[in-house]
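So that you can map any letter, position 6 of the sequence shown is 6 in UniProt numbering, and since no number is skipped, the others follow by simple counting.
Ideal placement from N, C-alpha and C gives every residue a C-beta, glycine not left out.
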Amino acid sequence: MATRFDPFHEIDRMLTALSTSSRDAAVMPIDLQRETDHYVLSMDLPGVDPGSIDISVEDRILTIRAERTAPSAEADWLVRERPSGTFARQLTLGQGLALDQISASYADGVLSLTIPVSEQAKPRRIEVAHTTSPSQIGAGASTAGETASTG
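In structure tokens:
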């Protein structure tokens, strides 16, 4: 009987074991996009009880915590790849955001945060007023003065 030697099999097995460890429970994938006057942060939290989601902002640090309860420990597990426990993610927010106006919603396992851009940070157009330059005003005054003295 011939056996095939696969040097990567053991490495693959170890990486698979690491990816399902409790360290992986802290990972919460996000998408972040900017729309015209706000940012939208979407975070995958499937199976999380919405009542366990806690969102706070302190010193420009946005903290999101959520918990997925563990299934019955008495079961005879054949495969257990879905992490359970507390998930946490912190993001440092930059200047120019209206932190007091952040809103959140949770639907279909996705947490969505809307983070508005503050009024001071929004782009704005500055109108340019057309005025006569000071050199033209002085030239016009001396011409008027000459006309007055000759007439």
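Q) Helix, strand or coil: which one does DSSP assign to residue 52? A) helix
Q. Would you call residue 110 buried or exposed, if buried means 16 or more other Cβ atoms sit within 10 Å of its Cβ?
A. exposed
Q.
Quick check: residue 57 and residue 112, are their CB atoms within less than 8 Å of each other?
A. no
Q. Where does residue 25 sit, in a helix, a strand or coil, going by DSSP?
A. Residue confidence is low: residue 25 scores 42 on pLDDT, short of 50, so the model does not pin down where it sits. Its coordinate-derived value is still stated next. Helix, per DSSP.
Q. For the beta strand (DSSP E) that residue 128 lies in, which residues bound it at each end?
A. Per DSSP, residue 128 belongs to no beta strand (DSSP E) and is neither H nor E.
**Q.** residue 117 beta carbon less than 8 Å from that of residue 85
**A.** no
Q) Considering only residues of the same chain and omitting the five flanking positions on each side of residue 115, which have a CB-CB separation below 7 Å? A) 38, 39, 41, 97, 102
Q | Assigned exposure category for residue 128 - 16 Cβ within 10 Å defines buried | A | exposed
(Q) Considering only the alpha carbon of each residue, which of 46, 64, 34, 36 lies closest to residue 107? (A) 46
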